[in-house]
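Just so we're aligned, residue 16 is where the sequence shown starts under my numbering, counting upward by one. All residues carry an ideal CB built from backbone N, CA and C; glycine is no exception. The structure displayed is predicted, hence computed values, not measured ones.
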Amino acid sequence: MAEEVYFVESQRGGVHLLADGYHYRYDRKLSDGITQSFRCTEKLCRGRMFKNGDDLKLKHKHDHNPDMIEMNVRRAMIAIKERARTTNELAETIIEQQRATLPAEVNERLPQDAQLIRTIDRLRSSNNNNNKSNNGDQYLTEIVTLPESVNYICVDAGQQQQQITDLNGLPVEQHFVCEFSSDEQNQMTEKKRRKLELQKIIEMNRQANENNRLRRSRFS
């Protein structure tokens, strides 16, 4: 069993495993459908690590020595990225404080500060975009009053077609998604965004009106 194990997500979304100074890349699942095989990233090395649940087993020995400095560099990168994700600290502050905890040989292998700052900026930008996208599924907290005369609204069903929604009818499940993308073709226009927000408010008011009617009926 490896004494020090870390799992790292690569820039391309792959899973890497760090164990006792060796660096592995996820390869495949074995025929049992459970055990995961990780192979050494060193070219021509036959070293493999099998992971089954929490158990790790070295399948083939490595033909090279472990690199503990590189492992500590990657541990430092994990710590830097985690602080970037979970705090609003300046990138320079995160880097300076992390470097202060590392020995000289590890600091020498870390990327330059300018590159680390770009990494943090990209990570935070990506997280912000994901948060915006996720927030698109949440109802707005503000409820507005609709005139009693408004009974129908024509809304976009999201599939290039229109549908009529009866505000006095039974509640219907509607899924609202707000898209944020760097792709100009997929990026939501301001008009579309406002339209979806209006749909959310209308649906919330539909529910509120129904609840009010139920309350009034109890006391009538």
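In its chain, beyond the 5 residues on either side, I84, N87, V88 and A91 have a beta carbon closer than 7 Å to the beta carbon of V121.
Distance between D69 and E123, taken at the CA atoms: about 33 Å. Under the three-state reduction of DSSP output, E97 falls in the helix class. With the rule of 3 Cβ pairs closer than 8 Å, the region 108-118 counts as touching the region 128-146.
R40 has H31 and R54 as its beta-bridge partners, per DSSP. R98 and R54 have their C-alpha atoms spaced approximately 29 Å apart.
In the structure shown, D70 adopts extended strand secondary structure according to DSSP, grouped into three states.
Under a 10 Å Cβ-count criterion, I95 is classified as buried, with 16 or more other Cβ atoms of the shown protein chains found around its own Cβ. Under DSSP, H75 shares a beta bridge with R63. Taking C-beta separations shorter than 6 Å and ignoring five residues to either side along the sequence, the partners of H38 in its chain run T56, following chain order.
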